[in-house]
Every structure is written in C-alpha cells, then in structure tokens.
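All you need for the working numbering is the position in the sequence shown, starting with 1, plus 44. Down below is the structure, laid out as structure tokens.
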Amino acid sequence: MKKLLLITVLLLCTISLTNTQWVSNYGVSSGDVNFTNAKGTAITCDAAGNSYVTGYSYENESQNDIITIKYTPAGDTAWVRSFNGDANLNDEGNGICVDNAGNVYVVGFAEFNGKSKDVVIIKYSSNGTEEWSRAYSGADTPTIDEGLGIVVDASGYIYITGYTTFTDNYTDILVRKYDPSGDLVWSASEDGSSNLNAQGLAIAVGRTGNVYVTGFVTVSGANTDIALFKYNSDGQLQWAKTINGNGSTEDKAWGIVVDESDNIFITGYVTESANNTDAFTAKYHCSGTMMWSKTYNGTGNQSDKAWGIVVDTDGSVYVSGESTADAGNINYLTVKYTAAGTQSWVSEYNGTGNGEDRASAVSILLNSSNTKSVIVTGKSWGPSNTFDYATVRYNTESGIQSQVNRYTFTGNSNDIAKDLVISPSKKVIITGFSQLIIDAGVGSSYVSTQSVDFGETIEMNSELTTPGSFILHQNYPNPFNPATSIRFDLTQSSNVRLAVYDMLGREINVLVNQNLTAGTHNITFNASNLSSGVYFYKLEAGSFRDIKKMTLVK
45 MKKLLLITVL LLCTISLTNT QWVSNYGVSS GDVNFTNAKG TAITCDAAGN
95 SYVTGYSYEN ESQNDIITIK YTPAGDTAWV RSFNGDANLN DEGNGICVDN
145 AGNVYVVGFA EFNGKSKDVV IIKYSSNGTE EWSRAYSGAD TPTIDEGLGI
195 VVDASGYIYI TGYTTFTDNY TDILVRKYDP SGDLVWSASE DGSSNLNAQG
245 LAIAVGRTGN VYVTGFVTVS GANTDIALFK YNSDGQLQWA KTINGNGSTE
295 DKAWGIVVDE SDNIFITGYV TESANNTDAF TAKYHCSGTM MWSKTYNGTG
345 NQSDKAWGIV VDTDGSVYVS GESTADAGNI NYLTVKYTAA GTQSWVSEYN
395 GTGNGEDRAS AVSILLNSSN TKSVIVTGKS WGPSNTFDYA TVRYNTESGI
445 QSQVNRYTFT GNSNDIAKDL VISPSKKVII TGFSQLIIDA GVGSSYVSTQ
495 SVDFGETIEM NSELTTPGSF ILHQNYPNPF NPATSIRFDL TQSSNVRLAV
545 YDMLGREINV LVNQNLTAGT HNITFNASNL SSGVYFYKLE AGSFRDIKKM
595 TLVK
C-alpha cells in the first residue's frame, strides 16, 4: 500500500500570469492506483493573513474525507487535517469560518454507521488540533442531513444551516447554534406551509445577535419559493418571508449578507416564465419589511442566476452569477445596486473561449490608494476547450473591467473556482479544484488554491469625441517605471480586448475585455509586479488589430 501526498507551491517566476503570487495543489493517492479525488469548496482568512480551505479528498483509499488546509500568507502549508465518519464512506466539507482567536470551524456532512449522512461541525485550534466535533441526525433511521453554511460571531458562538430529513422523508431547513465549547445552545427547523422539501443555503448573523437564514421551501412538485427567516439570539423565530416568481416554478436564494444596521440582502434567482429565470436581489429591513427587490434579465432572455452577494460600507450591493447572452453562450454577470435599489451598472465577462463562464463568488478589494474594486471569480471556458479559473477586477464606480487573471493547472485540466477571500494584505485568495483530462476522460483532481496580487488600480478614462479611425497609440511615458498610459481611439462601439505580452509571446495580463463606446480611451497600466524588460501590448477592436512595444526600466 502506498500513500502519496502531493502539495505543490508554484512561485511567481514559474507562472505566466505574473500577478499570481502562489498556487498550491493538494491531493492524496491511496492504494495501488495513483488517483486522487480532491476538491476545495470554501475558503476563509484570519487577521494574520493565514487562509483556510475546506472540501474533501481521498484519504482512506476508497472514499472521501473532509479536508481542512491552513496556508501561511506566503502560501506554505501550515497543516492539513482530515475527518472521517466511522462508516468510512463519503464525507465532505461545505463551509468554513474562523473566529477572532484563530479557531477554525468547518461544516458539512459525514457518514456514520447506521446513520447515512449526518450534519457535522468540527472545531480546530489555530495550530490544527481538533478541539471537538458534533454530528446531528434528524431521525434514528438512516437519513440524509447536510450542513451547507456556517458563521461565527464576535463572541465565538457558531451558527450553521443546511437541511435535515425527518421520518416523512422530506427535508426541513435546519438552523443550530453552538457555544465555543461545542455545546448546543438551540436548534430550529422550518419546512414551509406545504410541509415538503426545504433547505437552508446561506446564513448570516447581525451585529445585535439576530440570525438570518435563506434558501427555499417547496410549494408543490418542482415549485419552490425563496425563503428568508429571522431568529433572535435565543433561537425564537421572529418572522418568515417567501418570494414567488411570476413563473411559479423554481425560485431559490443562494447568498445572504447583513450590514451594520441589520438590513438583510439576499440574492438568487426567480422563474419569470417558461425557460426564463432572472437573477433576483432584495433588501429587507430587520423588521421583515421588504425595502426593495430587483430582477435582472439578460440580453438572451433565458437563464440568469446570481450566486454571490456582498455589500459595501456605503450600502452599495454587488451580486455575481451568470447570464445567457443572445448567442446562447453564458457569461459572468456582475450587477451593482445603490442602497436604494437603483441599478448602477451591469458588466458581463465573456472568457477567452467564448463559451460557458459562470461566476461563483464576489468580494470587495480596498486598494492601497483607498479606492475600491469588485473582485469576481468562477469558471471560464478557455481556448483549450477546458475551464480555467478566471478572476476579474471591476471599477466600483463605472463597472469597467480593469484586470483578468486566468489560471490553469496543466493547460489540459478543468479548473473550477468555487470561492474567494480578500486577505488583510489585499491579496485575493481563490480555491476550488483542478481536474485533469486524460485521453478525453476524467483524471485526478486536486484542491487548487491561488493567491493573486492585482497591484494598484488600472484606471480608464474616456473622451466622448468620435475619432476618424481606429488607432493604437504609443504608450507614454516609454520607457516607464512602474506605470504608463496606453491610449486608443475607437470610431464606433466595439468589443475591445487589450492585452500585455512578454518577449516569449506569453499573455501576462488582460487590461480590457469588454464592449466600449466610440471615443478615445486611456488605460493606466501599473507594472509594479513585473521585472524590467520589453513587453508588447495588443489591441483588438472588431476587425482592427495592432500591437506596439513598450519598455519597463526599474
């Protein structure tokens, strides 16, 4: 029997995307077959910049165990821990959080003898010691119960949500609160008015200790409604809300966040008509009054869904997900709403493979200059006909895409980003998994975690005067250190791609990849993460192509 631990850290100099700081790929192969099945599902970060990933991995020869990995800010692996239910079957981690003392909490499910799948919560100390674990089953007979979301408050109390199956074989939304020692404080379950399947998909805790859970309840058959519940700190239900789209079929909320005033924001999707789901976002007062709700229907008038949500200190709301375009391909979707619910801008990202692009997570990056950027990650179809991690940076005021970082493990792998977190040092850390493609089949998969430093903001300014021809101007200043301005003229609205390449022809940064209006546009490119040398920048706008050389001298 052999057991091979694979942890690979690739430094900046080995990766063509030069704003990638480090990448770690984790997987374990057991027995006589060199095959690993490891996937990251969620990530969090502590105040010292250490990052923590959960998911699952082959750890016991044939089945998955819950895996938790701690990385230092430099990307070194501090520790790896696995959790195996006593049935020695499949166990998976779905959510992770860290408290002010650096303790780590994981929620998911594990399989125990005679119990099938049970909700499981695990606490690790900052040095990786397992402090305690707790399991929950909704019935004495084997049923399916799963933890999907977890959060910890400032006092160290832990809250989880998910679903539990009772003797009627229907699932109920499950909400539980534990104290720091792992003792149960209270437990609640909800199933909606029809007593059919219901699941809690996301959970948040307000500043005053109120607990908010969102997900869905089933009304009949495949007809589900968005559900939102509020509990006080003692676990008493304060109010419950449901939302039904005009199509009266599938409506679900996947993301929730609470601001400093205890306003609640949820996002997901509602069905408006046959084959047409719209991204849905709503804001509620802590009293349960809906303050506003918005739907987004993309140009393809087909499937538009939101998965992630974040709220800024000024009350602005950013949601991310996917939108089907006119041509039928799926693009990243990012929408900004004001605190009053007015749509500020919409931006879509169509990846380099012009295929399926689905955003899974969103966050806000505070730049060194105290400006802000929106960061979105997910999976994006690439030119090799496989998925890549694609992490996109947007200007919060304009929605203009300023940078894209794409990552692939081997160039012949499906790389699926699932979650991201912003570290205190302003690094964007992404986790998910990389699945190798071997002879058109599926090979081993690895937990892939990537740290990206986007550097300073790449600024874009535009003049509305329509030029007489398409022109790519020489950058100024040239030579430069570390920033330079790149100007180009568009005679008409065009799909524009502006990218930077090194001397070997490797693409190292995409500065613009979106539709721009006619006019003169200026990009401020900051190359603080690059070494001295000759670089090229290429403009593609409709059928227009041009490339110019620039020199970085440090």
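The C-beta atom is built at its ideal place from N, Cα and C for all residues, glycine as well. Remember, predicted model here, so these are calculated numbers, not experimental data.
Ordered list of beta strand (DSSP E) runs contained in the region 513 to 554, each at least 3 residues:
Within the region 513 to 554, the complete beta strand (DSSP E) runs of at least 3 residues are 527 to 534 and 538 to 545.
Around the C-beta of Thr493, are 16 or more other C-beta atoms found within 10 angstroms, so that it is buried, or is it exposed?
By one-based count along the sequence shown, residue 493 stands at place 449. Burial call: buried.
According to DSSP, is Ser367 part of a helix, a strand, or is it coil?
Along the sequence shown, one-based indexing puts residue 367 at 323. Ser367: strand per DSSP, three-state reduction.
Out of curiosity, what's the CA-to-CA distance linking Phe156 and Ala131?
Within the sequence shown, numbered from 1, the residue matching residue 156 stands at position 112. Within the sequence shown, numbered from 1, the residue matching residue 131 stands at position 87. Using only the alpha carbons, I get a separation of about 5 Å.
Under a Cβ-count criterion, where at least 16 other Cβ atoms within 10 Å of its own Cβ denotes burial, should Glu174 be classed as buried or exposed?
Counted from its first residue, the sequence shown places residue 174 at position 130. Classification for Glu174: exposed.
Please check the pair Thr475 and Val97, which I expect to be a contact at CB under 8 Å, by giving their CB distance rounded to whole angstroms.
By one-based count along the sequence shown, residue 475 stands at place 431. By one-based count along the sequence shown, residue 97 stands at place 53. Confirmed, about 5 Å.
One question on the structure: do Val420 and Tyr340 come within less than 8 Å of each other, judged by their Cβ atoms?
Locating residue 420 in the sequence shown gives position 376, counting from the first residue. Locating residue 340 in the sequence shown gives position 296, counting from the first residue. Going by C-beta atoms, Val420 is not nearer than 8 Å to Tyr340.
Excluding five sequence neighbours on each side, which residues of the same chain lie with their C-beta closer than 7 Å to the C-beta of Asp432?
Taking the sequence shown and counting its residues from 1, one reaches residue 432 at position 388. Counting only Cβ-Cβ distances below 7 Å, and skipping sequence neighbours, we find Ser424, Gly426, Arg450, Tyr451, Thr452 and Asp459.
Expected contact under 8 Å - CB spacing of Glu366 and Ala318 to nearest Å
If you number the sequence shown from 1, residue 366 lands on position 322. If you number the sequence shown from 1, residue 318 lands on position 274. Not a contact, Cβ separation roughly 19 Å.
CA nearest to the CA of Lys296, picked from Trp283, Ala266 and Leu542:
Position 252 of the sequence shown holds residue 296. The option with the nearest alpha carbon to Lys296 is Ala266.
Residues of its chain near Asp303, where Cβ-Cβ distance is below 6 Å and the 5 sequence neighbours each way are ignored:
Along the sequence shown, one-based indexing puts residue 303 at 259. Take Asp303, set aside five residues on each side of it, and the residues of its chain with a beta-carbon closer than 6 Å to its own are Val355, in chain order.
Opposite Ser126 in the DSSP bridges: which residues?
For the purposes of this step, residue 126 is identified with residue 82 of the sequence shown, where counting begins at 1. Answer is Ile111, bridged to Ser126.
If we count the other Cβ atoms within 10 Å of its Cβ and call it buried at 16 or more, is Asn559 buried or exposed?
Sequence index remark: in the sequence shown, residue 559 carries index 515 (1-based). Burial check for Asn559: the Cβ neighbour count within 10 Å stays below 16, so the residue is exposed.
Mind checking Asn496: buried by the 16 CB within 10 Å criterion, or exposed?
Locating residue 496 in the sequence shown gives position 452, where the first residue counts as 1. The sequence given here places Val at residue 496; Asn does not occur at that position. With 16 or more other Cβ atoms within 10 Å, it is buried.
To which residues of the same chain is Phe580 closer than 6 Å at the C-beta, ignoring the five residues directly before and after it?
Within the sequence shown, numbered from 1, the residue matching residue 580 stands at position 536. Counting only Cβ-Cβ distances below 6 Å, and skipping sequence neighbours, we find Tyr545, Ile591 and Lys593.
Buried or exposed by the 16-neighbour rule on C-beta atoms within 10 Å, applied to Trp298:
As a first step, residue 298 is located in the sequence shown; it is residue number 254 there, counting from the start. Counting the other Cβ atoms within 10 Å of the Cβ of Trp298 gives 16 or more, which makes it buried.
In the DSSP assignment, what are the bridge partners of Glu155?
Walking along the sequence shown from the start, residue 155 turns up at place 111. Bridge partners of Glu155: Lys161.
Determine, using beta carbons only, whether Thr286 and Asp269 come nearer to each other than 8 Å.
Taking the first residue of the sequence shown as 1, we reach residue 286 at position 242. Taking the first residue of the sequence shown as 1, we reach residue 269 at position 225. It is a contact, given that the beta carbons lie within the stated cut-off.
Own chain, CB closer than 6 Å to Asp463, minus 5 neighbours either side, in chain order:
Counting from one through the sequence shown, the residue named residue 463 turns up at place 419. Excluding residues within five positions, the ones whose Cβ falls inside 6 Å are Ala86, Ile87, Ala405 and Thr475.
What distance in whole Å lies between the Cβ atoms of Asn138 and Leu192, which are believed to be in contact at a cut-off of 8 Å?
Within the sequence shown, the letter at position 148 stands for residue 192. Within the sequence shown, the letter at position 94 stands for residue 138. Sure, about 5 Å apart at Cβ, within 8 Å.
Leaving aside the five residues before and after Thr315 along the sequence, list all residues of the same chain whose C-beta is less than 7 Å from its C-beta, in chain order.
Sequence index remark: in the sequence shown, residue 315 carries index 271 (1-based). When the five nearest sequence neighbours on each side are left out, the beta carbons in the same chain lying within less than 7 Å of the beta carbon of Thr315 are those of Gly289, Gly291, Thr293, Glu294, Asp295 and Thr321, in order along the chain.
Taking Gly236 and Phe210 to be in contact with their CB atoms under 8 Å, please state how far apart those CB atoms are, rounded to whole angstroms.
Reading the sequence shown from its first residue, position 192 is the one you call residue 236. Reading the sequence shown from its first residue, position 166 is the one you call residue 210. The beta-carbon distance between Gly236 and Phe210, rounded to whole angstroms, is 14 Å. This is too long to meet the 8 Å contact definition.
Nearest neighbour of Gly250, chosen from Ala198, Thr262 and Asn345 [CA to CA]
Counted from its first residue, the sequence shown places residue 250 at position 206. When each option's Cα is compared against that of Gly250, the closest is Ala198.
Where Tyr490 and Lys471 are concerned, what is the direct C-alpha to C-alpha distance, given to the nearest angstrom?
Residue mapping note: residue 490 aligns to position 446 of the sequence shown, counting from 1. Residue mapping note: residue 471 aligns to position 427 of the sequence shown, counting from 1. Straight-line spacing of the CA atoms in Tyr490 and Lys471 works out to 22 Å.
If you compare alpha carbons, which of Gly279, Ser412, Ile165 and Glu190 is closest to Ser225?
Stepping through the sequence shown from its first residue, residue 225 is reached at position 181. Taking only the C-alpha atoms, the option nearest Ser225 is Ile165.
For Ala179 and Gly99, I'd like the C-alpha separation in whole angstroms.
Position 135 of the sequence shown, counting from 1, holds the residue named residue 179. Position 55 of the sequence shown, counting from 1, holds the residue named residue 99. Between Ala179 and Gly99, the alpha-carbon positions lie close to 17 Å from each other.
Do you know offhand how far Leu228's Cα is from Asn239's?
Stepping through the sequence shown from its first residue, residue 228 is reached at position 184. Stepping through the sequence shown from its first residue, residue 239 is reached at position 195. Approximately 25 Å between the Cα atoms of the pair.
Which one of Ser95, Lys598 and Asp143 has the shortest CA to CA distance from Val124?
Within the sequence shown, residue 124 is the residue found at index 80, counting from 1. The alpha carbon of Val124 has as its nearest neighbour, out of Ser95, Lys598 and Asp143, the alpha carbon of Ser95.
If you draw a straight line from the alpha carbon of Ile466 to that of Thr185, how long is it in whole angstroms?
As a working mapping, residue 466 is identified with position 422 in the sequence shown. As a working mapping, residue 185 is identified with position 141 in the sequence shown. Taking C-alpha positions only, Ile466 is separated from Thr185 by approximately 42 Å.
So is Asp358 buried or exposed if we call it buried at 16+ other beta carbons inside 10 Å?
Along the sequence shown, one-based indexing puts residue 358 at 314. So Asp358 counts as exposed.
Select from Thr595, Tyr149 and Asn134 the residue whose C-alpha is nearest the C-alpha of Thr112.
Here residue 112 corresponds to residue number 68 of the sequence shown, with the count starting at 1. Closest option to Thr112, judged by alpha-carbon separation, among Thr595, Tyr149 and Asn134: Tyr149.
With a CB to CB cut of under 7 Å and the five nearest residues on each side skipped, what residues in its chain are close to Thr343?
Looking up residue 343 in the sequence shown gives position 299. So the qualifying residues of the chain are Ala369 and Asp370.
Thinking just about the alpha-carbon of each residue, which of Gly253, Thr252 and Ala248 is nearest to the one in Gly259?
If you number the sequence shown from 1, residue 259 lands on position 215. The option with the nearest alpha carbon to Gly259 is Ala248.
Coarse secondary structure for Ser231, derived from DSSP in three states:
Mapped onto the sequence shown, residue 231 falls at position 187. Note: Ser231 maps to strand in three-state DSSP.
Nearest to Ser513 by CA position, among Gln536, Gln282 and Thr435, is which residue?
Counting from 1 along the sequence shown, the entry for residue 513 is found at position 469. The shortest C-alpha separation from Ser513 is found at Gln536.
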